[in-house]
Amino acid sequence: MKILAATLMLALLAGCATGPTGPQYDHTYTAKGQSSRARFLVLHYTVGDKPSSLATLTQQEVSAHYLVTDDPRPVIYNLVDEKNAAWHAGNSSWKNFTQLNNSSIGIEIVNPGWKDTPNGRVYAPFPQSQIDALIPLVRDIVTRHHIAPENVLGHSDIAPQRKQDPGPMFPWRQLAAAGLVTWPDANRVVALYPIFQTQLPDVAWFQKKLHTWGYGLVESGVLDEQTRTVLSAFQMKYRPANIDGMPDVQTAALLEALTNPRGPLPPVPAAPVMTAPVLPPPAQPAPPVEPAQPTPPAQPTPLPTTPPDSPTVIPATPPVPVQQ
Ligand SMILES: [Zn+2]
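Be aware that the sequence shown starts at 0, since it is given in numbering that gives the first Met the number 0, and climbs by one per residue.
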């Protein structure tokens, strides 16, 4: 005891040379007004196997808070502290937020992604054991950070022009069934079908709905490439059987049910979407030199699937992604 007291006395005499040298913090009080920096949860696939995914996410600049492996009993690696930003989102936006690394938690899921085959692009499935491991992780994160279901997103939602992950094989529906993702009500979708079958909304309607829901796109009023890519991203999540990026009845019904879940059903749009262009009146024809041949009746023209002024054909498959 005497030795201890002597040691303490020596320390005091030495001006606390052995004590902390930085600022001293008093944690007596905690502010009521604070919130998590994380407003979004973003899901990815890694485009690689477990070793390559681990190497990339720990040794390179790209990172994520969590990595869920594809082992028979999947491992959940916590690679970045949730208090810090991981570098997973890149150039991204959702609603009024941009550069979502700063406001999100990122989960990478080991999955090889897609490959092009003679029969088209084939995406790799996610083992059910992996999804069974993922769902409690998502639930834990959204609960602790109070992340709303509409803010549980794919990389393809927040960077649709660059990214396709987690792709159309990712079972968003299972996350929705677990209450973790906002999902269009099936009965409402059915009720909307006849309305949109009578008249498909125009491209501007699709763009406004997608933009309001959160997707970054320019409301150009035409079915341009960026719009088809965003439509494809939406379809990958809510209608993965067909991700061709075309506006159609089912996509319209899903989008309306998602963005207007409880209000009155919309009226049938007054004007057709895919109308023929309004042409100026023809110039006064010159008087015929010879008796005019009777004009054959015009063939009924099928409604074009794209507006006449839309840009050139876009491949049915989304553009090639940049590797993770
Ligand atoms: Zn990604």
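All C-beta atoms, glycine included, are put in the ideal place defined by N, C-alpha and C.
Keep in mind that this is a model prediction, so the values were computed, not measured.
query, result
"Between which two residues does the alpha helix (DSSP H) harbouring Y387 extend?", "Outside the displayed range of the chain (0 to 323) lies residue 387, so it cannot be described from this structure."
"Let me know the beta strand (DSSP E) ranges lying completely inside the region 23-104, each 3 residues or longer, listed in chain order.", "39-44, 65-67, 75-77"
"If contact is defined by three or more beta carbon pairs under 8 angstroms, each pair taking one atom from either stretch, is the region 198-211 in contact with the region 76-87?", "no"
"Counting C-beta neighbours from all protein chains within 10 Å, is the total for S34 16 or more, i.e. buried, or is it exposed?", "exposed"
"Indicate the three-state DSSP secondary structure (helix, strand or coil) for T20 in the structure shown.", "coil"
"Can you grab the Cα-Cα spacing for the pair Q129 / D25, in whole Å?", "44 angstroms"
"Cα separation between G220 and Q206?", "7 angstroms"
"Which residue or residues does DSSP assign as beta-bridge partners of Y327?", "The first residue shown for the chain is 0 and the last is 323, placing residue 327 beyond what the model contains."
"Could you tell me if L264 is buried or exposed, where buried requires 16 or more neighbouring beta carbons within 10 angstroms of its beta carbon?", "exposed"
"Please list, in chain order, all residues of the same chain as V109 whose beta carbon is under 6 angstroms from its beta carbon, the five residues on each side excluded.", "T45, K49, S52, T68, D69"
"Identify which residue in H145, L253, Q163 has its Cα closest to the Cα of V229.", "Q163"
"Do Y76 and I106 have their C-beta atoms within less than 8 angstroms of each other?", "no"
"Kindly give me the distance between the Cβ atoms of V189 and P148, rounded to whole angstroms, as I take these residues to be in contact under 8 angstroms.", "Going by Cβ atoms, the distance from V189 to P148 rounds to 22 angstroms, so no, they are not a contact pair."
"With a threshold of 7 angstroms, establish whether the CB of K236 neighbours any heavy atom of ligand 1.", "no"
"May I ask you to check if the CB of D156 is nearer than 7 angstroms to at least one heavy atom of ligand 1?", "no"
"Can you name, in chain order, every residue of its own chain whose Cβ lies under 6 angstroms from the Cβ of P239, other than the five neighbours on each side?", "P167"
"Report the three-state DSSP secondary structure of L209 (helix, strand or coil).", "helix"
"Return the CA-CA distance between G119 and A30, expressed in angstroms with no decimal places.", "56 angstroms"
"Could you check if T250 is buried or exposed, using at least 16 other CB atoms within 10 Å of its CB as the buried criterion?", "buried"
"Considering Cα atoms alone, identify which of P183, A85, P159, D156 is closest to N101.", "A85"
"Please classify R261 as buried or exposed, where buried requires at least 16 other C-beta atoms within 10 Å of its C-beta.", "exposed"
"Does the beta-carbon of Y28 have 16 or more other beta-carbons within 10 angstroms, so that it is buried, or is it exposed?", "exposed"
"Let me know the alpha helix (DSSP H) ranges lying completely inside the region 133-181, each 4 residues or longer, listed in chain order.", "154-157, 171-176"
"In whole angstroms, what separates the C-alpha of A63 from that of P266?", "45 angstroms"
"Helix, strand or coil, according to DSSP, for E107 in the structure here?", "strand"
"To the nearest whole angstrom, what separates the beta carbons of V194 and V41, a pair I think is in contact under 8 angstroms?", "Reading the sequence as shown, one finds Ile at residue 194 and not Val. The pair is not a contact, with the Cβ atoms about 33 angstroms apart (cut-off 8 angstroms)."
"Quick check on L216: does DSSP put it in helix, strand or coil?", "coil"
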